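K.L.:
Dropping the structure in here first, questions after.
There are 2 protein chains.
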Amino acid sequence: MATTEGTPVARKAARPSMGDVARHAGVSSQTVSRVSNGHSNVDAATRARVIDSMRALGYRPNSAARALRSGRFRTIGVIMFTLRTFGNMRTLDAIATEAAHANYSVMLIPVVDATLEQVSGAFSRLSEQGVDGVIIVFEAHLLDNAEFTLPPGLPVVVIDSNAGDEYTVVDTDQAEGARQATEHLLGLGHRQVWHIAGPESSFSAVHRTESWRRTLKDAGIEPPPVRYGDWSTESGHRHGLALGGRDDVTAIFAANDQMALGAMRALHELGRDVPGDISVVGFDDLEEAHSFWPPLTTIRQDFGEVGRQAIQQLLRKVDDYGFDDEDNRRVTVPTRLIVRESTASPRVRS
Amino acid sequence: MATTEGTPVARKAARPSMGDVARHAGVSSQTVSRVSNGHSNVDAATRARVIDSMRALGYRPNSAARALRSGRFRTIGVIMFTLRTFGNMRTLDAIATEAAHANYSVMLIPVVDATLEQVSGAFSRLSEQGVDGVIIVFEAHLLDNAEFTLPPGLPVVVIDSNAGDEYTVVDTDQAEGARQATEHLLGLGHRQVWHIAGPESSFSAVHRTESWRRTLKDAGIEPPPVRYGDWSTESGHRHGLALGGRDDVTAIFAANDQMALGAMRALHELGRDVPGDISVVGFDDLEEAHSFWPPLTTIRQDFGEVGRQAIQQLLRKVDDYGFDDEDNRRVTVPTRLIVRESTASPRVRS
DNA sequence: GCGCTAAATGTTTACGTAAACATCGGTGTC
DNA sequence: GACACCGATGTTTACGTAAACATTTAGCGC
Numbered sequence: 004m005a006t007t008e009g010t011p012v013a014r015k016a017a018r019p020s021m022g023d024v025a026r027h028a029g030v031s032s033q034t035v036s037r038v039s040n041g042h043s044n045v046d047a048a049t050r051a052r053v054i055d056s057m058r059a060l061g062y063r064p065n066s067a068a069r070a071l072r073s074g075r076f077r078t079i080g081v082i083m084f085t086l087r088t089f090g091n092m093r094t095l096d097a098i099a100t101e102a103a104h105a106n107y108s109v110m111l112i113p114v115v116d117a118t119l120e121q122v123s124g125a126f127s128r129l130s131e132q133g134v135d136g137v138i139i140v141f142e143a144h145l146l147d148n149a150e151f152t153l154p155p156g157l158p159v160v161v162i163d164s165n166a167g168d169e170y171t172v173v174d175t176d177q178a179e180g181a182r183q184a185t186e187h188l189l190g191l192g193h194r195q196v197w198h199i200a201g202p203e204s205s206f207s208a209v210h211r212t213e214s215w216r217r218t219l220k221d222a223g224i225e226p227p228p229v230r231y232g233d234w235s236t237e238s239g240h241r242h243g244l245a246l247g248g249r250d251d252v253t254a255i256f257a258a259n260d261q262m263a264l265g266a267m268r269a270l271h272e273l274g275r276d277v278p279g280d281i282s283v284v285g286f287d288d289l290e291e292a293h294s295f296w297p298p299l300t301t302i303r304q305d306f307g308e309v310g311r312q313a314i315q316q317l318l319r320k321v322d323d324y325g326f327d328d329e330d331n332r333r334v335t336v337p338t339r340l341i342v343r344e345s346t347a348s349p350r351v352r353s
Numbered sequence: 004m005a006t007t008e009g010t011p012v013a014r015k016a017a018r019p020s021m022g023d024v025a026r027h028a029g030v031s032s033q034t035v036s037r038v039s040n041g042h043s044n045v046d047a048a049t050r051a052r053v054i055d056s057m058r059a060l061g062y063r064p065n066s067a068a069r070a071l072r073s074g075r076f077r078t079i080g081v082i083m084f085t086l087r088t089f090g091n092m093r094t095l096d097a098i099a100t101e102a103a104h105a106n107y108s109v110m111l112i113p114v115v116d117a118t119l120e121q122v123s124g125a126f127s128r129l130s131e132q133g134v135d136g137v138i139i140v141f142e143a144h145l146l147d148n149a150e151f152t153l154p155p156g157l158p159v160v161v162i163d164s165n166a167g168d169e170y171t172v173v174d175t176d177q178a179e180g181a182r183q184a185t186e187h188l189l190g191l192g193h194r195q196v197w198h199i200a201g202p203e204s205s206f207s208a209v210h211r212t213e214s215w216r217r218t219l220k221d222a223g224i225e226p227p228p229v230r231y232g233d234w235s236t237e238s239g240h241r242h243g244l245a246l247g248g249r250d251d252v253t254a255i256f257a258a259n260d261q262m263a264l265g266a267m268r269a270l271h272e273l274g275r276d277v278p279g280d281i282s283v284v285g286f287d288d289l290e291e292a293h294s295f296w297p298p299l300t301t302i303r304q305d306f307g308e309v310g311r312q313a314i315q316q317l318l319r320k321v322d323d324y325g326f327d328d329e330d331n332r333r334v335t336v337p338t339r340l341i342v343r344e345s346t347a348s349p350r351v352r353s
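Put into C-alpha cells, the structure is as follows:
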C-alpha cells in the first residue's frame, strides 16, 4: 500500500537553521549568526539581505543550540513557596515583566510545601533546566539548612527574608511599615496598640512584630502580649473575637490585610463599631482593601518595586559573572501608610 | 605583575559532563547517557557505579545539550495577560504544580497589555525560548486576529475563552455557575435578579451574562438591563450605588467577588441591609469572601482543576506529537454554589 | 563445541550555534 | 610602491547529549 511507505503523515517541516538562511542569502552561516546577534561588523546591504532571508524562511534561532554554545540561557528561575498570596503574585508579575524588558524569560519553580525534599527537588530541577540566575521568594531560614545547596556559581537574589551576607536580599522595609502603622494609631491618641502577628516562622512577620514592639517602647508604652495568627482571615477572626470582647482594646495593628479583614468581621459580629470603638490597621494594601467595610487603613507595600529591584540586582550579577561575586547588597523598598476609614481617634471614655 | 597572567580570578569550575562521569566510572559516555535517561539495558552493577560517579562529581545533565539533541525541552510556556487576578494566579499555581509532577518546567510569558505587538512579542519570545507546548490564558478572540500566528506545530491549550475547534479549550463551566447563582436567588423568592456583568470583551463575562439572562427567561422573567463593570471593586461600587437607590431591587448577581464586594460597600453606605434589603451573590469564591461583611454567597470556581486539566490535555498533545493533532477537545470544569450570609429571602413588602 | 541470539557496552555522528581563527580587499602611511 | 592595518566575510571547531550503528560477551539449543 502506498501509505505504508514514504513520509510519515504530515511530519512537521523541519525548522530552518542558520545554514538554510545562509544558503538562501548567499552568505556563510557565521554572517547569519552575526546578524542574528546584532554584531556591528556586517555590511548594511548584507545585513538587509540576511534579514530578508530570515523573514522568507521564517527563521527562529534555536535557543537550545544557542544556550549550549554560549552558556547563557537568557532565563532566570523563580522559586516560590506559594502563589497564593497577594504579595507573591504581585512580585512575580513585576519580576516577569521586568525580565521581559531585559529580554529574559522566567522559569517558575513552585515548591508545594516546605519540606526538604520539595525544596531540594526545586533546586535540582532548577539546575537541570538551564537558568542564568535564581530569585528565591521565601523564608530563607530554610536556606541555612545544610542539607541542600544551590548549584555553585549560580547568582542568587533572595526576596522577603533575612538571609545573611551570602546573598543579595531585596525586601520591603518591614520595620518602617510596622512603625508607620503603630505611630499612626498612637498619633490618633490611642494609649495602646494590640498586634495580630503573622506566624513566627516568617521573617517578615517577625520584623513587623519587632518594629511594633520597639515603636511602643520608644513611646514609653509596655507592649501587650502578641497574638499570633497565620496570615489567614480565619486567624484574624479568632483574635478579633478575643480582642473585641475587652473594652480596654481600642486599636489593633494586624500584620496583613487578610487578618485585619477577619478581625473586622469579628468586631462586627460582636457589635463593636470600627473605627468608633476600635481602630484597625492592616498591612499590604490588597486590591480590595479600599472596599472592605469600613475601607481599611493599611500599609502599602510596593511589590512592583521589589520585583524590579530583584531583577536588576540579579542581572547585574549575571553580567558580572565569576567576578565581583561577593558583592552582596541589601535593597530595601519603602512602604507607605494609606489612611482610610478603619482608624479614628479613640472615643473619649465617659 | 602576577595577577595579570594565569587564570582569571576564581573562574568557576567547569561543570562535569557525561564524558567526565564516564571517565570516572570507567565506562563510555553513552552508558552514562543510558543511566541518566533511565534506560533498562544497563547492568545493575554498572548502573550503580555510574550513579556513584555522578554523585562524586556532582554531575547535572546539561539541559541545553539535551534539548538540542532530543528536540524536547521538558518545558511548557504559559502566556498570561495578567497575573493580577485571583483566578489567573490560582490557575498558574495549579499549572506549575501539575507540570512539576510530570517533570516539566513552566516558562512564564507575561503580556503587559493586549496590544498586538505585545502579544506577538510574547509568541516570538516563546518560540525562541524552547517550549514543547503552550497554555494560553486569556481572551482568545485575539487569537482570531490574523496578524500573528503561533509557531506552527506547537501544541496549544487555551484556558478561559471561547476559541473554536482549532484549539483544545479548558474552562470553568461559566454557564452553569451563572445559572446556579440566579436560580439560588429565584429559589429564595426574589422576583427579579439584577446583574453586574464583567466587561464585554471578556468571554467568561459574556457567558455568565448570557446564562443569567437565559435562566431568568426560562423562569418567565424579563431580564432587566445589564450593568457592565470591569471586574473592579470600584465598578461594583458604582453600580451598587445606582441599584441600592431603587427599592425594586432585591437581588444582585455580580459576575465576580470583587464587584460584589464593591456593591456591598455601596449598599452599606446607602444604609441598605445585606441580605435583609438586598441579597448579593458573587462569582469566584475568593479566599477572603467568607470574611466579607456579610460573608459572601458566591460561585466557587475550581481553578486547580482547570490548571490540572490544561496540563493533562497539553501533555497528551505533546506526547502524540505530529499525530492525532486535530483532536481538539473542550473540557468543562464544574462550579459549586457556596451559600453564606449575603443572601436571604426577600422581606415581605408591607 | 558450533553457531545463534540477545544483552551489555562502545564508537561514531549530528543537532544548531558562536567563538576563534583565517582570508581577502581596500586604505592610509612613509 | 611596500607595508601595516582594518573591516567584512568565510572556515573550522567545540559545546554536551543521545540516536544509530558496531562490537563484545554470555547463554543456549542441538
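As given, the protein sequences belong to chains U and W, one line each in that order. Per the numbering used here, the very first residue in the first sequence carries number 4; after that it's consecutive. Per the numbering used here, the very first residue in the second sequence carries number 4; after that it's consecutive. Even for Gly, the Cβ is constructed at its ideal location relative to N, Cα and C. Source: prediction; values computed, not measured.
(1) Between the alpha carbons of U:V321 and U:D135, how many angstroms are there, rounded?
(2) Under the DSSP definition of a beta bridge, which residues are partnered with U:W197?
(3) Measure how close the beta-carbons of W:T346 and W:T175 come, nearest whole angstrom, since I'm counting them as under 8 Å.
(4) So which residues of chain U does W:D96 contact, with C-beta pairs closer than 8 Å?
(5) Out of W:N65, W:P158, W:E179 and W:F89, state which residue places its alpha-carbon closest to the alpha-carbon of U:F76.
(6) Using a beta-carbon distance below 8 Å, is U:A342 in contact with chain W?
(7) For the segment 102–118 of chain W against the segment 100–113 of chain U, do three or more pairs of beta-carbon atoms, one drawn from each stretch, fall closer than 8 Å, so that the two count as touching?
(8) Helix, strand or coil for W:L23? Go by DSSP, reduced to three states.
(9) Would W:Q315 count as contacting chain U if we go by Cβ distances under 8 Å?
(10) Taking U:T85 as part of the beta strand (DSSP E), name the residues at either end of that continuous run.
(11) Return no unless some Cβ of chain W is closer than 8 Å to the Cβ of U:A254.
(12) According to the neighbour-count rule (16 or more other Cβ atoms, all chains shown, within 10 Å of its Cβ), is W:A143 buried or exposed?
(13) Considering W:V35, what are the terminal residues of the alpha helix (DSSP H) in which it resides?
(14) Could you give the residue range of the beta strand (DSSP E) that holds W:T301?
(15) Compile a chain-ordered list of the residues in the segment 291–315 of chain U whose CB is closer than 9 Å to at least one CB of chain W.
(16) Beta-carbon separation of U:I255 and U:A266 under 8 Å?
(17) Closest to W:W215 by C-alpha separation, out of W:Q183, W:R50, W:N44 and W:G133, would be which residue?
(18) List, in chain order, every chain W residue whose beta-carbon is nearer than 7 Å to that of U:V160.
(19) Decide if U:A59 is buried, meaning its Cβ has at least 16 other Cβ atoms within 10 Å, or exposed.
(20) When the Cα atoms are used, what is the spatial distance from W:G310 to W:I98?
(21) U:L317 and U:A263: beta carbons closer than 8 Å?
(22) Hey, how far is the Cα of W:D233 from the Cα of W:H242?
(23) Using a Cβ-Cβ distance cut-off of 8 Å, determine whether U:R356 contacts chain W.
(24) Is W:G232 helix, strand or coil when you go by DSSP?
(25) Using a Cβ-Cβ cutoff of less than 8 Å, which residues in the same chain neighbour W:I302 once the five nearest sequence positions on both sides are dropped?
(26) For W:G133 versus W:T78, is the C-beta distance shorter than 8 Å?
(27) Below 8 Å on the Cβ atoms is my contact criterion, and I expect U:R3 with U:D280 to pass it. Report the Cβ-Cβ distance as a whole number of Å.
(28) Under 8 Å, do U:L219 and U:V252 count as touching if we go by C-beta distance?
(29) Could you compute how far the alpha carbon of U:S348 sits from the alpha carbon of W:A200?
(30) Can you tell me whether DSSP reads U:I138 as helix, strand or coil?
(31) Just to make sure I have the definition right: I need the residues of chain U whose C-beta is within less than 7 Å of the C-beta of W:T175. Which are they?
(32) Run down chain W in chain order and give the residues with a C-beta less than 8 Å from the C-beta of U:M92.
(33) By Cβ distance, which residues of its chain are closer than 8 Å to W:M194, with the 5 residues on each side in sequence left out?
(34) What does a CB cutoff of less than 8 Å around W:R37 pick up in its chain, not counting 5 residues either side in sequence?
(35) Taking 8 Å as the cut-off, decide whether the C-beta atoms of U:L129 and U:V140 are in contact.
P.N.:
With the structure as the only source:
(1) 7 Å
(2) Looking at the DSSP assignment, U:W197 forms a beta bridge with U:I255.
(3) The C-beta distance from W:T346 to W:T175 rounds to 21 Å, too long to meet the 8 Å contact threshold.
(4) T85, L86, R87 and P113
(5) W:N65
(6) Looking at the sequence shown, residue 342 of chain U is not Ala but Val. No, U:V342 lies away from the interface with chain W (no Cβ there is under 8 Å from its Cβ).
(7) yes
(8) The residue asked about is misnamed: residue 23 of chain W is Asp in this sequence, not Leu. In the structure shown, W:D23 sits in a helix (DSSP, three-state: H, G or I).
(9) no
(10) Run containing U:T85: none; DSSP gives neither H nor E here.
(11) no
(12) Low confidence applies here, because W:A143 scores a pLDDT of 49, under 50, leaving its location unreliable; read the following figure in that light. Classification of W:A143: buried, given that the 10 Å Cβ count is 16 or more.
(13) S32 to S39
(14) T301 to R303
(15) E291, H293, S294, F295, W296, P297 and P298
(16) yes
(17) W:Q183
(18) Going along chain W, no residue has its Cβ under 7 Å from U:V160, so there is no contact; the nearest lies around 17 Å.
(19) U:A59 sits exposed, since fewer than 16 C-beta atoms from the chains shown fall within 10 Å of its C-beta.
(20) 5 Å
(21) no
(22) 11 Å
(23) Outside the displayed span of chain U (4 to 353) sits residue 356 of chain U, for which this structure offers no information.
(24) coil
(25) G180, A181, Q183, A184, V284, G285, F286, D287, D288, T338, R339, L340 and I341
(26) yes
(27) Beyond the ends of chain U as shown, which are 4 and 353, falls residue 3 of chain U; an answer cannot be given.
(28) no
(29) Rounded to whole angstroms, U:S348 to W:A200 spans 39 Å at the Cα level.
(30) strand
(31) In chain order: nothing, as chain U lies at least about 18 Å away.
(32) L86, R87 and M92
(33) A quick correction: the sequence has Arg, not Met, at residue 194 of chain W. Scanning its chain for C-beta atoms nearer than 8 Å, with the 5 sequence neighbours on each side dropped, one finds around W:R194 the residues I224, T253 and P349, in chain order.
(34) N44 and V45
(35) no
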